[in-house]
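Residues 358 to 634 (my numbering) make up the sequence shown, in order.
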Amino acid sequence: MKKKEPLKIFTHQYPKWLFDHPRWIRLIYLSNYLTQLRKWHISKRLKKLLAKKGDSFSLLDVGCGEGQFLFPYAAAHRNSFFKGLDRAETNISFCKQYAKVQQYTHVVFEQTEIESFNESDKYDVSLCLSVLPYCTNDDAALAQLYKAMKKDGELLLYVPVNNTILLPFYKRIIKKYDNYESIQKNQKTYTEERVKELLYQNHFAITETKSTYGFWGKLSNELLNSHFILFNAYALPLKIIVLTSFIIFYPLILLCMILDFMLPVQSGNGLMLVAKK
């Protein structure tokens, strides 16, 4: 039997029409904002971080994906320089096409692993957002990031940690069916202590730590991912049922996201740090 192909969102594949009309990526950015709690935390902190840099700075986004944390700020800071790295050729091809259409001459992209990147003392801000677990050598990746940053440059790092699961049926789903983590070959699960240890080993000074995805965040994420995974796994008739279920559950998912964003989280499944060179 032919193996079922995973959803394109799990493999960073882009339909041809999106290459032909790359501005439509904004719809994907919007859908990410409506479904990814971490984007709320990252966007809020990144906006604050860039505000103090003025209108002329250099920014490196490693594991830039489709540019959701790069292009909106590149549009607002035309006098700055932006560079995106990603190991996936499809991500880099799309980002180059989008930058060309938008006439972003101050934005460049390179297909490479973080561990192989080799620039020195160039960037005021570096972003490493939900990327570290997929690095084969996380220590080498952070070493290269440190090397690439200017003195007093700042790293915004977001890392999934702990991987605590609340719902038994979600645990069964991720064991049984393909999901983003299994397809992308997530290398490891971190703790807060291990992430900080890696940063200290590579001479970073941690200036800020914030936990995310507490109880409400975990619940929202598990409900959301359950629908995505089952939609990918099931044939068409059952996809309709899963989609209907998602429409019914989304208000609850959104409420859980809002609660987690607004309430203090002592320990959770996400960790955001700011570190200085």
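Even for Gly, the Cβ is constructed at its ideal location relative to N, Cα and C. Every value quoted in this text rests on a predicted model; they were computed, and no experiment measured them.
First through last residue of the beta strand (DSSP E) which encompasses residue i
i    : result
S483 : 480–486
Y466 : The sequence as given places Phe at residue 466; Tyr does not occur at that position. Here the beta strand (DSSP E) through F466 covers 464–468.
K567 : 562–569
Continuous alpha helix (DSSP H) stretch holding residue i: start and end
i    : result
Q459 : 446–459
G574 : 572–590
T392 : 382–392
Q425 : Note, Q425: premise wrong, no alpha helix (DSSP H); not H, not E.
Y503 : 495–505
L620 : It is not in any alpha helix (DSSP H) - L620 carries neither H nor E in the DSSP assignment.
I530 : 525–533
F474 : Element bounds for F474: n/a, residue is neither H nor E.
Y557 : 549–558
D412 : D412 -> no alpha helix (DSSP H), and no H or E assigned at all.
Residue i, buried or exposed, once every other Cβ within 10 Å from all chains shown has been counted against 16
i    : result
A505 : buried
M629 : buried
G411 : exposed
P608 : exposed
L375 : buried
F478 : With the sequence shown as reference, residue 478 is identified as Asp, and Phe is not the correct amino acid for it. With fewer than 16 Cβ atoms within 10 Å of its Cβ, D478 is classed as exposed.
R383 : exposed
H560 : exposed
I399 : buried
L593 : exposed
A456 : buried
K396 : buried
V458 : exposed
Y557 : exposed
P525 : exposed
N536 : buried
Y390 : exposed
L595 : exposed
T392 : buried
Strand pairing of residue i, partner residues [DSSP]
i    : result
D418 : G441, L484
T601 : For T601, which the question treats as bridged, DSSP gives no partner whatsoever.
P517 : G627
L375 : DSSP lists no partner for L375.
A433 : None; A433 has no bridge partner.
Q512 : Before going on, a small fix: residue 512 reads as Leu here, not Gln. For L512, which the question treats as bridged, DSSP gives the partners S483, A632.
Length of the line joining the Cα atoms of residue i and residue j
i    : j    : result
K373 : P379 : 10 Å
N520 : V622 : 15 Å
E549 : D377 : 42 Å
V599 : F588 : 6 Å
D509 : K633 : 6 Å
C613 : V631 : 26 Å
Y386 : K401 : 15 Å
E579 : K404 : 28 Å
M358 : A433 : Residue placement at M358 is poorly supported in this model, since its pLDDT is 35, which falls under 50; the coordinates still yield a value, given next. So the two alpha carbons sit approximately 50 Å from each other.
G424 : F618 : 23 Å
S624 : A408 : 28 Å
N448 : K567 : 29 Å
T569 : S450 : 32 Å
E446 : N475 : 19 Å
I615 : S583 : 19 Å
S602 : F438 : 44 Å
K553 : I563 : 8 Å
T546 : I610 : 24 Å
L486 : I597 : 33 Å
V482 : W573 : 31 Å
CB-CB length for residue i against residue j, believed under 8 Å
i    : j    : result
I471 : L502 : 7 Å
D496 : L555 : 6 Å
L394 : S577 : 6 Å
Y534 : A590 : 4 Å
L489 : A498 : 7 Å
K440 : L417 : 5 Å
I530 : I605 : I530 to I605, Cβ: 18 Å. No contact.
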